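Scroll down for the structure; my scribbles are underneath it.
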Amino acid sequence: MALNGSDGGGISSALAALTRGFSVEVTPREAPKVPPFGEVLPAGTRIYITFLENTPFEDTLALAARVVQQGMRPVPHLAVRAIPDRAALSGMLARLADIGVTEVLVIAGSVAKPAGEYDETMQVLTSGVLPEHGITRIGVAGHPEGTPDIGPTELAAALAAKNALAAEQGLDMYVVTQFCFAPEPIIAWEREIRAAGIRLPIVIGLPGLTSPAKLLRFGMSCGIGPSLKVLRKQSGGVLRLATSSVYHPDQTMLGLVRSRVDEPASLIQGVHFFPFGSLQRTAEWAGQLSAGQFVVEPDDKLRVTA
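Per the numbering used here, the very first residue in the sequence shown carries number 38; after that it's consecutive.
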């Protein structure tokens, strides 16, 4: 039986609540093609500004300024391996602060060789530079499906260190994850880190409504093998993804919501979309879900009703 998104309880209301306050990713390169943010996103939406190697920092500044001017909240990536030293970091943060940035996502960055003294995020997180420049909220990366660059033991230790730092210093810190195609690896990872004592809120990265072929290409380079394995076990899963005109993360979102309903202690508190060039379509769909304007079909597909 189909469930109405406005039924006020159960899975449907939990899905609307999870989607409410969603955030999106925009790259400096694609920004000129994106319509005014206020035309497609709710006021105050967090817009993460992707770090791209060999892209001038001025491009990030320009995009952050546009985000603020159009009533949104910029969250630039700080890729520590691309920053030569503390003076350069302080200068970057001062320029961001002048624009009105108060939140950043601190990542290592896909840089083959560090540009200077930083090779891991904890060096920046413990430096005290962020609060000096008015950064009041800090995102860090989560990897439910691992990453090609770091082993699982090191990933677990790094997350535990960030969790301890946040607790010791009272930091408003949270985890935002890589994008995933299936809920099972995310749910297993959340349970594992929660059992290990992690208490940081988690925002789950999901692909937006874009080309499945593009997603598969990016996915193979981003270390999301477990999601693809789950899809392969589903009848025609990968084929269905590859031959669809537009990807929808329906089943992943519903799997996450059911897990949250079953386990109220879950750390999962929100979703973050990687639109891959389809910001407007992704934002419209996410807005309809957050407003409860959908029906959950028996095959776990979401049909919007407005």
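We put the beta carbon where it would ideally sit given N, CA and C, even for glycine.
Since the structure is predicted, the reported quantities are computational estimates derived from the model, not experimental observations.
Taking 8 Å as the cut-off, the beta carbon of Pro220 is found closer than this to the beta carbon of Ser296. One thing to note: Leu126 has its Cβ no nearer than 8 Å to the Cβ of Pro113. Along the segment 155-199, the alpha helix (DSSP H) occurs as fully enclosed runs of 4 or more residues at 158-162, 166-169, listed in sequence order. In this structure, DSSP gives Pro220 a helical state, which the three-state scheme calls helix.
Per DSSP, Ala233 lies in no alpha helix (DSSP H) segment and is marked neither H nor E. Under the three-state reduction of DSSP output, Gln330 falls in the coil class, being neither helix nor strand.
Looking at the DSSP output, Thr214 bridges to Gly179. Taking the C-beta atoms as reference points, Leu167 is found no nearer than 8 Å to Ala203. Residue nearest to Val138 within the set Val117, Arg118, Pro69, Ala102 is Ala102 (criterion: CA-CA distance).
Counted as a single uninterrupted DSSP element, the alpha helix (DSSP H) harbouring Gln288 occupies residues 287-299. For Gln106, the enclosing alpha helix (DSSP H) starts and ends at 94-106. Looking at the DSSP output, Arg340 shares a beta bridge with Val332. Under the DSSP assignment, Arg66 falls outside any beta strand (DSSP E); it carries neither an H nor an E label. CA-CA distance, Lys150 to Leu339, rounds to 44 Å. Counting C-beta pairs closer than 8 Å gives three or more between the segment 204-214 and the segment 167-177, which meets the contact rule.
Each of Ala343, Thr342, Gln325, Glu334 was checked against the Cα of Pro79, and the nearest Cα belongs to Gln325. Secondary structure in the segment 117-156: the alpha helix (DSSP H) runs of 4 residues or longer, each lying completely within the stretch, are 123-136 in chain order. Close CB contacts of Gly179 within its chain, under the 6 Å cut and outside five residues either way in sequence, are with Val212, Thr214 (chain order). Here the alpha carbon of Gly146 sits roughly 22 Å from the alpha carbon of Ile223.
Take Phe331, set aside five residues on each side of it, and the residues of its chain with a beta-carbon closer than 7 Å to its own are Gly42, Gln325, Leu339, Arg340, Val341, Thr342, in chain order. With respect to the 8 Å criterion, Ile48 and Leu291 are classified as neighbours on the basis of their beta carbons. For Phe74, the secondary structure class from DSSP, reduced to helix, strand or coil, is helix.
In this structure, the alpha-carbon of Val71 lies about 14 Å from that of Glu321.
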